[in-house]
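K.L.:
The numbering used here numbers the first residue of the sequence shown as 48 and each following residue consecutively.
No residue lacks a Cβ here, since even glycine has one placed at the ideal position from N, Cα and C.
Model, not experiment: these values are computed from the prediction.
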Amino acid sequence: MIDHQIKDPSTRVNSFQWLEEENQQRLKEHIYCRTYKKGQVLFYEGDVRDRIFHVIEGLVRIEKTDGTDSYCYVDFVGPDQLFPLIGLFERDNYDVSAFAATDIVVQFAAMSLFEPLVVSSTSQLLWLNQQMSQQLEKQRRRVEYCVTSSAQTRVVNTIGLLMIEHGQSQGEQIRIPFPVFINDIAKYSGTTRETVSQTLKALVHKRKIYYRYKELIIYDQDYFSHVVN
Numbered sequence: 048m049i050d051h052q053i054k055d056p057s058t059r060v061n062s063f064q065w066l067e068e069e070n071q072q073r074l075k076e077h078i079y080c081r082t083y084k085k086g087q088v089l090f091y092e093g094d095v096r097d098r099i100f101h102v103i104e105g106l107v108r109i110e111k112t113d114g115t116d117s118y119c120y121v122d123f124v125g126p127d128q129l130f131p132l133i134g135l136f137e138r139d140n141y142d143v144s145a146f147a148a149t150d151i152v153v154q155f156a157a158m159s160l161f162e163p164l165v166v167s168s169t170s171q172l173l174w175l176n177q178q179m180s181q182q183l184e185k186q187r188r189r190v191e192y193c194v195t196s197s198a199q200t201r202v203v204n205t206i207g208l209l210m211i212e213h214g215q216s217q218g219e220q221i222r223i224p225f226p227v228f229i230n231d232i233a234k235y236s237g238t239t240r241e242t243v244s245q246t247l248k249a250l251v252h253k254r255k256i257y258y259r260y261k262e263l264i265i266y267d268q269d270y271f272s273h274v275v276n
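(1) Starting from Glu110, follow its DSSP beta bridges and name the residues at the other end.
(2) Is the segment 197–207 close to the segment 96–105, with three or more CB pairs under 8 Å?
(3) Just mark Phe136 as buried or exposed, buried being the case when its beta carbon has 16 or more other beta carbons within 10 Å.
(4) Do Glu92 and Tyr141 come within 8 Å of each other at the CB atom, strictly closer than that value?
(5) Give the range of the alpha helix (DSSP H) segment to which Tyr270 is assigned.
(6) Please name the residue in Phe123, Arg254, Gln64 and Thr239 whose C-alpha comes closest to that of Ser144.
(7) Is it a yes or a no for the segment 213–222 touching the segment 235–246, going by three-plus beta-carbon pairs under 8 Å?
(8) Starting from the C-beta of Ala65, find all residues in its chain whose C-beta is less than 8 Å away, skip the five residues before and the five after it, and write them out in chain order.
(9) From the DSSP secondary-structure annotation, give me the bridge partner or partners of Thr82.
(10) To the nearest angstrom, how far is the alpha carbon of Gly134 from that of Arg254?
(11) Given a threshold of 16 other Cβ atoms within 10 Å of its Cβ, counted over all protein chains shown, does Gln186 qualify as buried or as exposed?
(12) Just how far apart, CA to CA, sit Arg108 and Gln128?
(13) Suppose only complete runs of 3+ residues qualify. What are the beta strand (DSSP E) ranges in the segment 187–232, listed by chain order?
(14) My output table needs one value for Tyr91: the three-state DSSP class, helix, strand or coil.
(15) Just reading off the beta strand (DSSP E) that Leu263 is part of, what are its end residues?
(16) Could you name the residues of the same chain whose beta carbon sits closer than 8 Å to that of Ile221, not counting the 5 residues immediately before and after it, in chain order?
(17) Are Arg98 and Met158 closer than 8 Å when you measure CB to CB?
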């Protein structure tokens with residue numbers, strides 16, 4: 048795999064735009080671009096945390112599991128997002144793994160360069176704080192809507208969260224722009240594959256969603272929109 052240095056990334060690195068001009072230029076001189084095919088690994092949990100990434104195209108899957116595989120955290124990072132944010136300024140190793148959920152194009156810079164430049168910029172620190180707050184809000188929604196005692200309701204709420212966090216409008220429908228696995232919904236929802244499969248079949252029968260070959264399309268947005276509040 049070959050890393051390509053960006054000759055003029057000024058229109059493609061929105062995540063760094065709050066740095067002072069001099070520091071922006073210094074960072075841009077050391078930004079590289081890489082293309083990954085779907086399924087390729089960007090880094091594993093425990094690897095040295097030596098790079099900060101900015102997504103240009105596609106989706107990155109973030110994952111964390113425990114030693115017994117009984118706990119699994121799954122999330123997705125899309126275009127114009129910076130990652131990983133957890134561990135900035137304090138950790139030596141990545142605490143999650145990152146994979147290409149689709150074919151992707153990312154830019155990256157060395158943490159050893161990025162972190163000192165960020166510390167010198169109040170505006171960039173405030174922006175990073177906003178990004179972290181948004182991540183915390185997303186996790187709050189997950190906890191709020193995925194701890195109900197009804198497993199079927201947890202599955203419905205998980206689909207609603209996918210809709211508001213990652214959905215792309217296609218006319219009156221909303222499409223989730225990456226493969227949605229039954230196992231992942233089960234992990235999100237804290238239930239079994241069987242329950243997820245039965246709930247999806249019922250939602251398809253009611254014309255609330257389309258689900259086939261891991262493709263998920265929301266037909267009835269109002270049915271799932273309660274998770275926005």
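P.N.:
Taking the definition as stated:
(1) According to DSSP, Glu110 bridges with Val121 and Ser144.
(2) no
(3) exposed
(4) Yes.
(5) Gln268 to Phe271
(6) Phe123
(7) no
(8) For clarity, residue 65 is Trp in the given sequence; the question names Ala instead. Once the five neighbours on either side are set aside, the close Cβ partners of Trp65 are Ser168, Ser170, Gln171, Leu173 and Trp174.
(9) Val152
(10) 42 Å
(11) exposed
(12) 13 Å
(13) 215–217 and 220–222
(14) Coil.
(15) Glu262 to Ile265
(16) Met210, Gly214, Gln215, Ile264, Ile265 and Gln268
(17) yes
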